[in-house]
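**Student:** Residue numbers (the numbering used here): 12 to 346.
This is the structure I want to talk about, given as C-alpha cells.
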Amino acid sequence: MKVDYPWLNKAWRFLVDSEGKNRLSQAYLFKAQEKLGTETLIDKFALGLICEKEGLDACGICKNCALVNAKSFPDLKRIELSEKQNVIPVEAIRDLISFFSTKPAFGGRKIAIINPVENLNFFAANALLKIIEEPPEHSFFLLNWETPRPVPRTLTSRCTQISIPSPSRESSLRWLVSRGVNIEEFNEDDSLLAGSPVEILFQVQNKHPSLYILKDVFGDILTLSSGQKNIIKLSEKYQSINPITLLTSLELLCHTLSNIKFSHLPRKLFLSKTQNLNLQRLANNLDLTNVLEFNSYLLDIKSKCLTSDGIKCSDFIETLFFKLMVVLESEYNEK
Ligand SMILES: [Zn+2]
Numbered sequence: 012m013k014v015d016y017p018w019l020n021k022a023w024r025f026l027v028d029s030e031g032k033n034r035l036s037q038a039y040l041f042k043a044q045e046k047l048g049t050e051t052l053i054d055k056f057a058l059g060l061i062c063e064k065e066g067l068d069a070c071g072i073c074k075n076c077a078l079v080n081a082k083s084f085p086d087l088k089r090i091e092l093s094e095k096q097n098v099i100p101v102e103a104i105r106d107l108i109s110f111f112s113t114k115p116a117f118g119g120r121k122i123a124i125i126n127p128v129e130n131l132n133f134f135a136a137n138a139l140l141k142i143i144e145e146p147p148e149h150s151f152f153l154l155n156w157e158t159p160r161p162v163p164r165t166l167t168s169r170c171t172q173i174s175i176p177s178p179s180r181e182s183s184l185r186w187l188v189s190r191g192v193n194i195e196e197f198n199e200d201d202s203l204l205a206g207s208p209v210e211i212l213f214q215v216q217n218k219h220p221s222l223y224i225l226k227d228v229f230g231d232i233l234t235l236s237s238g239q240k241n242i243i244k245l246s247e248k249y250q251s252i253n254p255i256t257l258l259t260s261l262e263l264l265c266h267t268l269s270n271i272k273f274s275h276l277p278r279k280l281f282l283s284k285t286q287n288l289n290l291q292r293l294a295n296n297l298d299l300t301n302v303l304e305f306n307s308y309l310l311d312i313k314s315k316c317l318t319s320d321g322i323k324c325s326d327f328i329e330t331l332f333f334k335l336m337v338v339l340e341s342e343y344n345e346k
C-alpha cells in the first residue's frame, strides 16, 4: 500500500518514530480537512500494526498482510458510514465492544478504524468514549476526523491527535503537475485556492462538468451582485448549456455561501483572490434563509429536469436569475 501524498509524510514519520521508541498510543485521532488521502495513511498504519514483520512498513506478503488485502483479516474492524445513514449509530459501537471482547485471532493486536468519527451520533460517541477510556489490552483505535465538523472534546482529549496540515498552494500545484495535470488550463491568474489537490485531480480526471463552468458562474454572479451585469444578457450566455450543469454549479454556490456564513472558507474552487474576497463579502451580507430558499428552488427545477425530457436552460433561466437577484438584493441595495 503506497502513500504518495507528500503532505502525509510528516505524520507517517511520527508514527514510525513512536513505534521505534515503543511509544505507540492505543487511540489515534487523525485530524485533517476532508479528501486529503488521510484514509490511505490510516490503512497503511493499520497494516503496519498487523503485519508479522517488525516495524510499521508492512511486508505485503505475509499471511496477515494477505488477509488484510483480501479484506478478511478477523482482527481488523472498520466502522464506516453506510449508504443509507449519515450518522454512525450506537449499534455500530456495540458491535465494536463485542469485537474487542475476544482475544486477537492472529498475533497480538486488534484494530478498529472509525471513519469519519464526527459522524458518530451522541450515543455512539459516548459508548466509544467508554471503551477508549479503558481500552482492552492490545486494542488500537484509529479515528479519522474530517474538520471542520466538531467532535466531542471528551473524545478528542483521550486520543493522541495527529493533525495533517493542508498542503500549501505551491505543493498542491507541484503534486498536480507530477500527476500530469495541466495547471495552466485553470490557473491563468494565480487563483488556485488552497484546498484538496486530491479532489482537484479527481475532478480533472473525471472531467467534472462543474469545474469548467463554475469559475464563470461565480464570476458572473459576483458581477451581478455588484449591479454590473444585466440579467437578460446573462440569461443569454447560459441558455444553451446543459441545465443540470448550471443547476449543480448554482447549488455549489449556495453551499459555498452558507459555508462562508459559518466561517468556513470555500475550498476546492478555482477562484481568483479578488473573487474569493468578493464571495466572502457577499456571503457575509446575505440572509441565509433566502439562500436556502433559492437552493430548494434549484432542487425543484433539477428534479423536473431529471424526470421529464427536453427541459432546456432557456425554459427557466430568466426566472431563475430574477429569483437569484432577490437573494442578492440586500447586498445589491447597499450600493
Ligand atoms: Zn506482512
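Ideal Cβ placement from N, Cα and C applies to all residues, glycine included.
For clarity, every value in this text was computed on a predicted model and none was experimentally measured.
Look up Thr113 in the DSSP assignment and give the residues it is bridged to.
**Tutor:** In the sequence shown, counting from the first residue as 1, residue 113 sits at position 102. Thr113 pairs with nothing; no bridge assigned.
**Student:** Looking at the structure shown, is Asn33 part of a helix, part of a strand, or coil, going by DSSP?
**Tutor:** Translated into the one-based positions of the sequence shown, residue 33 becomes position 22. Coil, per DSSP.
**Student:** When you measure from the CB of Ala69 to every non-hydrogen atom of ligand 1, does any distance come out below 7 angstroms?
**Tutor:** Locating residue 69 in the sequence shown gives position 58, where the first residue counts as 1. Yes.
**Student:** DSSP three-state label for Leu297, please.
**Tutor:** Counting from 1 along the sequence shown, the entry for residue 297 is found at position 286. Looking at Leu297 - three-state DSSP - the assignment turns out to be coil, as it is neither helix nor strand.
**Student:** What is the C-beta distance between Leu339 and Ser236, in whole angstroms, given that I count them as a contact (C-beta under 8 angstroms)?
**Tutor:** Counting from 1 along the sequence shown, the entry for residue 339 is found at position 328. Counting from 1 along the sequence shown, the entry for residue 236 is found at position 225. Indeed they touch by this definition, with Cβ atoms about 4 angstroms apart.
**Student:** Am I right that Lys313 and Leu258 are in contact with their C-beta atoms under 8 angstroms? What's the rounded C-beta distance?
**Tutor:** As a working note, residue 313 is residue 302 in the sequence shown. As a working note, residue 258 is residue 247 in the sequence shown. Right, the Cβ-Cβ distance comes to about 5 angstroms (below 8 angstroms), so this counts as a contact.
**Student:** Is it the case that the Cβ atoms of Leu140 and Thr165 are separated by a distance below 8 angstroms?
**Tutor:** Counting from 1 along the sequence shown, the entry for residue 140 is found at position 129. Counting from 1 along the sequence shown, the entry for residue 165 is found at position 154. Result yes, Cβ atoms of Leu140 and Thr165 sit closer than 8 angstroms.
**Student:** Taking only the alpha-carbon atoms, compute the straight-line gap between Leu203 and Leu290 and give it to the nearest angstrom.
**Tutor:** Here residue 203 refers to the residue found at position 192 when the sequence shown is read from its first residue. Here residue 290 refers to the residue found at position 279 when the sequence shown is read from its first residue. Residue confidence for Leu203 is low, a pLDDT of 45 falling below 50, so the modelled location carries little weight and cannot support an answer.
**Student:** Can you list, in chain order, the residues of its chain whose CB lies under 8 angstroms from that of Gln250, leaving out five sequence neighbours each side?
**Tutor:** Walking along the sequence shown from the start, residue 250 turns up at place 239. These residues qualify, in order along the chain: Lys323, Cys324, Ser325, Ile328.
**Student:** Classify Asp201: buried if its beta carbon has 16 or more other beta carbons within 10 angstroms, exposed otherwise.
**Tutor:** In the sequence shown, residue 201 corresponds to position 190, counting from 1. Its pLDDT being 38, under 50, Asp201 is placed unreliably by the model, and nothing is read from it.
**Student:** For Glu144, which residues of its own chain have a beta-carbon under 8 angstroms away from its beta-carbon, when the five flanking residues on both sides are left out?
**Tutor:** What you label residue 144 is simply residue 133 of the sequence shown in a count that begins at 1. Result list for Glu144: Arg169, in chain order.
**Student:** Compare the Cα-Cα distances from Leu52 to each of Leu107, Ile99, Ala69, Phe229 and report the closest residue.
**Tutor:** By one-based count along the sequence shown, residue 52 stands at place 41. Of the listed residues, the one whose Cα sits closest to Leu52 is Ala69.
**Student:** Less than 7 angstroms between the CB of Cys324 and some heavy atom of ligand 1, yes or no?
**Tutor:** For this step, residue 324 is matched to residue 313 along the sequence shown. Cys324: no, Cβ never under 7 angstroms from ligand 1.
**Student:** Assuming Glu129 and Glu157 make a contact with CB atoms under 8 angstroms, what is their CB distance in whole Å?
**Tutor:** Residue mapping note: residue 129 aligns to position 118 of the sequence shown, counting from 1. Residue mapping note: residue 157 aligns to position 146 of the sequence shown, counting from 1. At roughly 6 angstroms, the Cβ-Cβ gap stays under 8 angstroms, so Glu129 and Glu157 are in contact.
**Student:** Starting from Lys64 and walking both ways along the beta strand (DSSP E), at which residues does that stretch end?
**Tutor:** Locating residue 64 in the sequence shown gives position 53, counting from the first residue. Premise fails: Lys64 is in no beta strand (DSSP E) and is neither H nor E.
**Student:** So who's on the other strand from Leu131, going by DSSP bridges?
**Tutor:** If you number the sequence shown from 1, residue 131 lands on position 120. Beta-bridge pairing links Leu131 to Ile99.
**Student:** With DSSP as the reference, label Ser207 as helix, strand or coil.
**Tutor:** Reading the sequence shown from its first residue, position 196 is the one you call residue 207. Looking at Ser207 - three-state DSSP - the assignment turns out to be coil, as it is neither helix nor strand.
**Student:** Does the Cβ-Cβ distance between Leu67 and Gly59 come in under 8 angstroms?
**Tutor:** Within the sequence shown, the letter at position 56 stands for residue 67. Within the sequence shown, the letter at position 48 stands for residue 59. Contact flag set, yes.
**Student:** Looking at Asn130 and ligand 1, is the gap between the Cβ and the nearest heavy atom below 7 angstroms?
**Tutor:** Taking the first residue of the sequence shown as 1, we reach residue 130 at position 119. Checking every heavy atom of ligand 1 against the Cβ of Asn130, none is found closer than 7 angstroms.
**Student:** Looking at Phe117 and Ala38, is the spacing between their C-beta atoms short of 8 angstroms?
**Tutor:** Counted from its first residue, the sequence shown places residue 38 at position 27. Counted from its first residue, the sequence shown places residue 117 at position 106. In this structure, Phe117 does not lie closer than 8 angstroms to Ala38 by Cβ.
**Student:** Is Leu92 helix, strand or coil when you go by DSSP?
**Tutor:** Indexing the sequence shown from 1 puts residue 92 at position 81. Leu92 falls in the coil class under three-state DSSP.
**Student:** Thinking C-beta only, is Asn132 closer than 8 angstroms to Glu91?
**Tutor:** Counting from 1 along the sequence shown, the entry for residue 91 is found at position 80. Counting from 1 along the sequence shown, the entry for residue 132 is found at position 121. Their beta carbons are not under 8 angstroms apart, which means Glu91 does not touch Asn132 by this criterion.
**Student:** Count the other CB atoms within 10 Å of the CB of Phe273; is the residue buried (16 or more) or exposed (fewer)?
**Tutor:** For this step, residue 273 is matched to residue 262 along the sequence shown. Label assigned to Phe273: exposed.
**Student:** Please tell me whether Ile122 and Ala57 are closer than 8 angstroms, where the distance is taken between their beta carbons.
**Tutor:** Position 111 of the sequence shown, counted from the start, is the residue given in the question as residue 122. Position 46 of the sequence shown, counted from the start, is the residue given in the question as residue 57. Yes, they are a contact pair.
**Student:** Ligand 1 heavy atoms versus the CB of Lys64: any closer than 7 angstroms?
**Tutor:** Reading the sequence shown from its first residue, position 53 is the one you call residue 64. Lys64: yes, Cβ under 7 angstroms from ligand 1.
**Student:** Can you tell me whether DSSP reads Asn198 as helix, strand or coil?
**Tutor:** The residue labelled residue 198 in the question sits at position 187 within the sequence shown. Note that Asn198 scores 49 on pLDDT, short of 50, meaning its location in the model is unreliable and no value can be drawn from it.
**Student:** For Met12, does the three-state DSSP call read helix, strand or coil?
**Tutor:** On the sequence shown, position 1 is the one that residue 12 refers to. Only weak support is given to the placement of Met12: the predicted model assigns it a pLDDT of 42, under 50, and the value that follows is read from those uncertain coordinates. Residue state, collapsed to three classes: coil.
**Student:** Cutting at 8 angstroms between CB atoms, please list the residues of its own chain near Arg24, excluding the five before and the five after it.
**Tutor:** Here the question's residue 24 lines up with position 13 in the sequence shown. So the list is empty, once near-sequence residues are dropped.
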